[in-house]
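**Student:** All residue numbers for the sequence shown refer to the numbering used here, where the first residue is 228 and numbers rise by one.
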Amino acid sequence: RGVTFFAWIIGFMVSMWVIGFLPTIPIFIMAFMWTENRERLSLRLSMAAGVTLFVWFVFDYLLGIRWPDTSLGEWVPALAQIIPSV
Numbered sequence: 228r229g230v231t232f233f234a235w236i237i238g239f240m241v242s243m244w245v246i247g248f249l250p251t252i253p254i255f256i257m258a259f260m261w262t263e264n265r266e267r268l269s270l271r272l273s274m275a276a277g278v279t280l281f282v283w284f285v286f287d288y289l290l291g292i293r294w295p296d297t298s299l300g301e302w303v304p305a306l307a308q309i310i311p312s313v
């Protein structure tokens, strides 16, 4: 179980590096909740949306923290104008 947990965390970090923090959160939550416990779609969608909105609100709106640059943002600079953390 420990190896599985660290594989998920490493995958999360690699995904943040490639596509950014905000897009990674719902993808990670949806995938994790499906593969680890086969949760129903409505629960996965509500958790993914809730956590993503919470993180965006706290870090972008309240704290005003600058999102780090991502690989995808360097490859396709136009996406950085559309998605805040890319």
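We put the beta carbon where it would ideally sit given N, CA and C, even for glycine.
Cα separation between W261 and I310?
**Tutor:** If you number the sequence shown from 1, residue 261 lands on position 34. If you number the sequence shown from 1, residue 310 lands on position 83. Cα to Cα, W261 sits roughly 25 Å from I310.
**Student:** Under 8 Å, do V282 and L306 count as touching if we go by C-beta distance?
**Tutor:** Here residue 282 corresponds to residue number 55 of the sequence shown, with the count starting at 1. Here residue 306 corresponds to residue number 79 of the sequence shown, with the count starting at 1. No, Cβ-Cβ distance for V282 and L306 is not below 8 Å.
**Student:** Going by other Cβ atoms of all chains shown within 10 Å of its Cβ, with 16 needed for buried, is I246 buried or exposed?
**Tutor:** Taking the first residue of the sequence shown as 1, we reach residue 246 at position 19. I246 should be labelled buried.
**Student:** Counting only the same chain and skipping the five closest in sequence on each side, list residues whose C-beta sits under 6 Å from that of E263.
**Tutor:** Your numbering for residue 263 matches position 36 in the sequence shown. Result list for E263: empty, nothing under 6 Å.
**Student:** What is the DSSP secondary structure of D296, reduced to helix, strand or coil?
**Tutor:** In the sequence shown, the residue the question calls residue 296 occupies position 69. Coil.
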